[in-house]
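Chains as they are written, first to last, in this note's numbering: chain A, 1 to 386; chain B, 1001 to 1099.
Below you'll find the structure, written out as C-alpha cells, and then a few comments.
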Amino acid sequence: MAKVRALTGNHAVSEAMRQIDPDVVACYPITPQTELMQKFADFYADGLVRTELICVESEHSAMSASVGASAAGARVMTATAANGLALMWEIVYIAASTRLPITMTVVNRALSAPINIHCDHSDSMGCRDTGWIQLYAENSQEAYDHAIMAVRIAEHPDVLLPVMSMLDGFILSHTMERVEILEDEQVKAFIGDYTPLYPLLDVDNPVTYGPLDLQDYYFEHKRQQIGAMENARVVIPEIFAEYGNLSGREFDIFERYKSDDAEVILVCLGSTAGTAKVAIDELRAGGIKAGLVKLRVFRPFPHGELVEALSGARAIAVLDRSASFGAEGGPIHAEIRSALYGRTDIPVYDYIYGLGGRNIFVDDIKNVINLALEGKAGEMNYIGVR
Amino acid sequence: MKKAPGYKDIPIGGLIIEAGNAEKYETGSWRSFRPVRDDEKCIHCLICWIFCPDSAIIVEDGKVVGVDLDHCKGCGICARECPKKVQAITMVKESEFRE
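Right, here's the structure in full:
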C-alpha cells in the first residue's frame, strides 16, 4: 500500500532515490536542487541506503564521476540545476554518447546572467540535443514517479540512454504537496537488479571506453544513438503502463486534458499545466471549448502522436518557458510547428513566459487561449514582460 | 575492397569489446623513417624492445630478430636508445625503400 505524505518536490525525489538505493550517487549542491541531495545525504548518514555517496568538487566532476561509475557497472544517479547543468555540459554529451544509463533530476532554474535562482526551462531545454531522454513533471507526485520510471527506461537494453527528469525550481522543489509514496519493496521489485552490458570491473572481459573515433566510425555511433532514441518511443509507453498498474496513476507520453473536442488547444509542460487546467475549466464553464496537451516526454519528441491529438483544433497556443535566441519562437513551439508542417495548417501561436521565475496566472492563460481562438495573437508573443 | 561494418554491426557507444585488437590496426604506413638494424653490431640488450611504444621490436628466444613494419611508426626511439657504444639501429628515409 502506498503512503500519503506531505513532501516538497525535492524531498519527494530524494524518497525515490532512497527506494532506488543506487550504487553510486555524485553529489554537489546548487539552488534549488540542494535540498534534494541534502535529504538523500541524510538517508545515507542514517544508513538507509547502501549507496556510495561521492561528494565532488563541481558539477563537471559530478557528471564525470557518474560516467566513470556507470562505465564500471554501477546504477548511478545525480541531480543538478541551471548553472550546474551548464558546467556539466561536456560530460552530459559524453554520458549519452557512451550509452550510459545514468538518471539525473534537474530542478529547473534560469541560467545566468543576470544571476537568478528561480524557475524557467532554459537549463534543460539547452540540453535537448545532448542525447538524453527528457521527462517533465507537473507536480511533485510526477517528479517522484518519473525518477523511478527513469531508471527502467534508461537501463532498457533497447535504449541504454541517460534520462533527465525535470521539476520546476521552487514552484515544485520547495512547495509542500500531497505525494503518494510506494512501498520500498514495490519500488525495488519494479526497478529490479541492474545488469550492465559492458562493466569495466568485469576484468575477465576487458573493454575500452572512450577511444578515438574519427571519420570512419563516429557517424555510425551517432546513427546508433538516433536509433536508441527511436526505440525509446516504444519502450517508454510500456514502462509507463507497467508503472501505471503498480501505482494506480495513469501515465501517457503526453496528457490530454479536455482536448478531444477542443477548438483551441494549449500546449505546455511543467507546473504551468496545473494552472492551465484551472484556466481551461473556467473557460469551459463559460462555453469556450478549450483543451490542454501537457507534454511529459520532450525527448524523444512525440511528433506523430501530437499531430493526431492536435489536428482537430482550430488554433494552437504554445507556452514556452525558455527563449531560443534568434529562432522562430521557443523550443516547444519549434517542435510543434515542425510536427504539424505539411500535415495541417492550424495556426500555432507561441508565448514566451515565466523567464527567471516570473509568475503566470490563470487569467494570463485564459487570455492566451481567447486571443488564439479569435486569431488575434501574433506568431510571437510574450506574457507579462514590460 | 570489403565494405566496413555499419551501425547495426558495431558495439554501442564507441566501445571496444575485444581486448588487444589494436594489433589489427596497421599503423606502419604512417612511417617516414624506417629503423634498420645491423645484426653484426647488435648485442641483444633488448633496450629497444623495452622502449618501443608500439611493441614493434620482434624478439625470439631472447634475441632481436627484426621489426614489425606493419605497426612501427618510425618514431626513432629504438635508434636513440640503442647504447652509444653499439649504435646498431639507423633511421633510413622510407623513400629509399620505394621502387
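Just so you know, even glycine gets a beta-carbon here, dropped at the ideal spot from N, CA and C.
Exercise. Who are the Cβ neighbours of A:M229 in its own chain at under 6 Å, not counting the five residues just before and after it?
Worked result: If you number the first sequence from 1, residue 229 of chain A lands on position 229. The beta carbon of A:M229 sits closer than 6 Å to those of P300, all from its chain and outside the five residues before and after it, given in chain order.
Exercise. Who are A:A315's beta bridge partners in DSSP?
Worked result: Mapped onto the first sequence, residue 315 of chain A falls at position 315. Answer by DSSP bridge pairing, in chain order: A:V264.
Exercise. Which word fits B:S1055, buried or exposed, when buried means at least 16 other C-beta atoms lie within 10 angstroms of its C-beta?
Worked result: Within the second sequence, residue 1055 of chain B is the residue found at index 55, counting from 1. So B:S1055 ends up on the exposed side.
Exercise. So, do the region 54 to 61 of chain A and the region 174 to 183 of chain A have three or more beta carbon pairs nearer to each other than 8 Å?
Worked result: By the Cβ rule, the region 54 to 61 of chain A does not count as touching the region 174 to 183 of chain A, because fewer than three pairs are nearer than 8 Å.
For this session: Output yes if chain B places a C-beta closer than 9 Å to the C-beta of A:H221; else output no.
Result: Here residue 221 of chain A is taken as the residue at index 221 of the first sequence, counted from 1. So, interface residue.
Problem set entry | Ordered list of alpha helix (DSSP H) runs contained in the region 112 to 161 of chain A, each at least 4 residues | Whole alpha helix (DSSP H) segments, 4+ residues: 122 to 125 and 140 to 155.
For this session: Taking only beta-carbon positions, decide if B:P1164 is within less than 9 Å of chain A.
Result: Given a span of 1001 to 1099 for chain B in the structure shown, any question on residue 1164 of chain B remains unanswerable.
Exercise. Between A:P237 and A:D252, what straight-line distance do the alpha-carbon atoms span, to the nearest angstrom?
Worked result: By one-based count along the first sequence, residue 237 of chain A stands at place 237. By one-based count along the first sequence, residue 252 of chain A stands at place 252. Roughly 7 Å separates the two Cα atoms.
Problem set entry | Amino acids of chain B, ordered along the chain, whose beta-carbon sits closer than 9 Å to that of A:R99 | In the first sequence, the residue the question calls residue 99 of chain A occupies position 99. Under the 9 Å cutoff, chain B gives I1012, G1013, G1014 and L1015.
Exercise. Any Cβ of chain A within less than 9 Å of the Cβ of B:A1004?
Worked result: Counting from 1 along the second sequence, the entry for residue 1004 of chain B is found at position 4. Judged by the 9 Å Cβ criterion, B:A1004 is in contact with chain A.
For this session: Determine, using beta-carbon pairs with one atom in the region 143 to 157 of chain A and one in the region 111 to 125 of chain A, whether at least three such pairs fall under 8 Å.
Result: Too few Cβ pairs lie closer than 8 Å, so no.
Problem set entry | Contact set between B:A1079 and chain A, taken where Cβ atoms lie within less than 8 Å | Taking the first residue of the second sequence as 1, we reach residue 1079 of chain B at position 79. Within 8 Å of the CB of B:A1079, no CB atom of chain A is found; the nearest one sits about 27 Å away.
Exercise. Under three-state DSSP, which class holds A:L200?
Worked result: Residue mapping note: residue 200 of chain A aligns to position 200 of the first sequence, counting from 1. Three-state DSSP puts A:L200 in coil, outside helix and strand.
For this session: Taking only runs that begin and end inside the region 27 to 79 of chain A, name each unbroken alpha helix (DSSP H) of 4 or more residues, in chain order.
Result: Entirely contained in the region 27 to 79 of chain A, the alpha helix (DSSP H) runs reaching 4 residues are, in chain order, 34 to 45 and 59 to 72.
Problem set entry | Beta-carbon separation (whole angstroms), A:V264 vs A:R314, contact threshold 8 Å | Along the first sequence, one-based indexing puts residue 264 of chain A at 264. Along the first sequence, one-based indexing puts residue 314 of chain A at 314. About 6 Å separates the Cβ atoms of A:V264 and A:R314, confirming a contact at the 8 Å cut-off.
For this session: Ignore the nearest five residues each way along the sequence and tell me which others in A:A95's own chain have a CB closer than 6 Å to its CB.
Result: Position 95 of the first sequence, counted from the start, is the residue given in the question as residue 95 of chain A. Same-chain partners within the cutoff: V67, I102 and P162.
Exercise. A:P300 touches chain B at which residues, Cβ-Cβ below 8 Å?
Worked result: Reading the first sequence from its first residue, position 300 is the one you call residue 300 of chain A. In chain order: nothing, as chain B lies at least about 17 Å away.
For this session: Classify B:A1079 as helix, strand or coil using the three-state DSSP reduction.
Result: Counting from 1 along the second sequence, the entry for residue 1079 of chain B is found at position 79. B:A1079 falls in the helix class under three-state DSSP.
Exercise. How long is the line joining the alpha carbons of B:C1052 and B:E1081, rounded to whole angstroms?
Worked result: Taking the second sequence and counting its residues from 1, one reaches residue 1052 of chain B at position 52. Taking the second sequence and counting its residues from 1, one reaches residue 1081 of chain B at position 81. One C-alpha to the other measures close to 9 Å.
Exercise. Looking at A:P29 and A:M37, is the spacing between their C-beta atoms short of 9 Å?
Worked result: In the first sequence, residue 37 of chain A corresponds to position 37, counting from 1. In the first sequence, residue 29 of chain A corresponds to position 29, counting from 1. It is a contact, given that the beta carbons lie within the stated cut-off.
Exercise. So, is the C-beta of A:G227 closer than 9 Å to a C-beta in chain B?
Worked result: What you label residue 227 of chain A is simply residue 227 of the first sequence in a count that begins at 1. Taking Cβ atoms only, chain B reaches closer than 9 Å to A:G227, which makes this a yes.
For this session: Check the Cβ of B:Y1025 against every Cβ in chain A and list those closer than 7 Å, keeping chain order.
Result: The residue given as residue 1025 of chain B occupies position 25 in the second sequence. Residues of chain A passing the Cβ test: none, with the nearest at roughly 10 Å.
For this session: Return helix, strand or coil for B:E1060, following the three-state DSSP convention.
Result: Stepping through the second sequence from its first residue, residue 1060 of chain B is reached at position 60. Note: B:E1060 maps to strand in three-state DSSP.
Exercise. Which residues in the same chain have their Cβ closer than 8 Å to the Cβ of A:D261, if we skip the five residues on either side of it in sequence?
Worked result: By 1-based counting over the first sequence, the position of residue 261 of chain A is 261. Around A:D261: K289, G291 and G312.
Exercise. In the structure shown, what three-state DSSP assignment does A:F298 receive?
Worked result: Here residue 298 of chain A is taken as the residue at index 298 of the first sequence, counted from 1. Judged by DSSP in its simplified three-state form, A:F298 adopts strand.
Exercise. Closest to B:G1020 by CA distance: which of A:L373, A:P206, A:D320 and A:G357 is it?
Worked result: Numbered from its first residue, the second sequence carries residue 1020 of chain B at position 20. Of A:L373, A:P206, A:D320 and A:G357, the residue nearest in Cα terms is A:P206.
Exercise. Do you know how far the Cα of A:L246 is from the Cα of B:I1012?
Worked result: Start at 1 with the first residue of the second sequence, and residue 1012 of chain B comes out as number 12. Start at 1 with the first residue of the first sequence, and residue 246 of chain A comes out as number 246. Going from the Cα of B:I1012 to the Cα of A:L246 covers about 32 Å.
For this session: Check the Cβ-Cβ distances between A:G357 and every residue of chain B, and say whether any is below 9 Å.
Result: Numbered from its first residue, the first sequence carries residue 357 of chain A at position 357. It does not: the Cβ of A:G357 has no partner Cβ on chain B nearer than 9 Å.
Exercise. Across which residues does DSSP place B:T1090 in a beta bridge pair?
Worked result: Sequence index remark: in the second sequence, residue 1090 of chain B carries index 90 (1-based). According to DSSP, B:T1090 bridges with B:V1036.
Problem set entry | CB of A:A69 within 9 Å of CB of A:T105, strictly | Translated into the one-based positions of the first sequence, residue 69 of chain A becomes position 69. Translated into the one-based positions of the first sequence, residue 105 of chain A becomes position 105. Cβ distance not < 9 Å, so A:A69 and A:T105 don't count as in contact.
Exercise. So, is A:A189 buried or exposed, given that buried needs 16 or more other C-beta atoms within 10 angstroms?
Worked result: In the first sequence, the residue the question calls residue 189 of chain A occupies position 189. Burial call: exposed.
Problem set entry | Option in B:G1006, B:E1018 and B:R1031 with minimal Cα separation from B:F1097 | Taking the first residue of the second sequence as 1, we reach residue 1097 of chain B at position 97. Comparing alpha carbon positions, the residue from B:G1006, B:E1018 and B:R1031 closest to B:F1097 is B:R1031.
Exercise. Using 8 Å as the threshold, is the region 1038 to 1048 of chain B in touch with the region 1083 to 1091 of chain B, meaning 3 or more CB pairs across them?
Worked result: Yes, they touch.
Problem set entry | A:A290 (DSSP reduced to helix, strand or coil) | Numbered from its first residue, the first sequence carries residue 290 of chain A at position 290. Strand at A:A290.
For this session: Under 7 Å between beta-carbons, which chain B residues line up against A:L160? List them in chain order, please.
Result: Locating residue 160 of chain A in the first sequence gives position 160, where the first residue counts as 1. Identification of chain B residues near A:L160 by a Cβ-Cβ cut-off of 7 Å yields I1012, ordered along the chain.
Exercise. For A:S14, which residues from the same chain have a beta carbon less than 6 Å from its beta carbon, with the 5 sequence-adjacent residues on both sides left out?
Worked result: Numbered from 1 along the first sequence, position 14 holds the residue referred to as residue 14 of chain A. Cβ contact annotation for A:S14 (same chain, cutoff 6 Å, sequence separation greater than five): L36, K39 and F40, in chain order.
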